[in-house]
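There are 2 protein chains.
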Amino acid sequence: MKIRVFVSLKDGVLDPQGKAVGHALETLGFKGLGEVRINRVVELEVPADNAADALAQGEAMARALLANEVIEDFSVEVAA
Amino acid sequence: MKIRVFVSLKDGVLDPQGKAVGHALETLGFKGLGEVRINRVVELEVPADNAADALAQGEAMARALLANEVIEDFSVEVAA
Chain V
24 MKIRVFVSLK
34 DGVLDPQGKA
44 VGHALETLGF
54 KGLGEVRINR
64 VVELEVPADN
74 AADALAQGEA
84 MARALLANEV
94 IEDFSVEVAA
Chain Y
24 MKIRVFVSLK
34 DGVLDPQGKA
44 VGHALETLGF
54 KGLGEVRINR
64 VVELEVPADN
74 AADALAQGEA
84 MARALLANEV
94 IEDFSVEVAA
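Residue numbers (the numbering used here), protein chains in the order written: chain V, 24 to 103; chain Y, 24 to 103.
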């Protein structure tokens, strides 16, 4: 079963990559942009028979490796 | 209006970061995983009055900077 783990920086944590992209976009002529943030999506195929098991595996992997919970939030969904 | 630009490697393009994460997950005891791919989501606040305009701006930014269309695909959506 295919799942997606979304990992994003918590509110209030500086995103230097997003800031750099925001500046570059302004330079390219895209004016009036608000905050730009760059997040990650990890797509994986997990060995699960049902959605609940797949989501549980995704959450375990996020806590173990995919997200740094000190500064990042994550959410898991089953891909359509 | 807030939009999200999803950027993913095209099928067939090697994702070394995904491969490394896949190996690390196996080492941590998550067995039987299929392919792991790591994609980007850029979240931006754009100055637009309607969804069509916001999506058009997102597409223009993706083509100009956010995605490398040689090896990456992108899609744009309005955030809820």
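Built from N, CA and C at the ideal position, the CB exists for glycine as well.
DSSP beta-bridge partners for residue i?
| i | result |
| --- | --- |
| residue 94(V) | Residue 94(V) pairs with nothing; no bridge assigned. |
| residue 25(V) | 68(V) |
| residue 32(Y) | 95(Y) |
| residue 100(V) | 27(V) |
What are the boundary residues of the alpha helix (DSSP H) that includes residue i?
| i | result |
| --- | --- |
| residue 58(Y) | Here residue 58(Y) belongs to no alpha helix (DSSP H), and DSSP marks it neither H nor E. |
| residue 48(V) | 39 to 50 |
| residue 78(V) | 74 to 84 |
Return the CA-CA distance between residue i and residue j, expressed in angstroms with no decimal places.
| i | j | result |
| --- | --- | --- |
| residue 24(Y) | residue 31(V) | 19 Å |
| residue 65(Y) | residue 28(Y) | 5 Å |
| residue 72(V) | residue 60(Y) | 21 Å |
| residue 42(Y) | residue 68(V) | 13 Å |
| residue 34(Y) | residue 57(Y) | 15 Å |
| residue 88(Y) | residue 52(V) | 11 Å |
| residue 74(Y) | residue 26(Y) | 9 Å |
| residue 82(V) | residue 40(V) | 26 Å |
| residue 77(V) | residue 103(V) | 13 Å |
| residue 97(V) | residue 85(V) | 7 Å |
| residue 45(V) | residue 38(V) | 11 Å |
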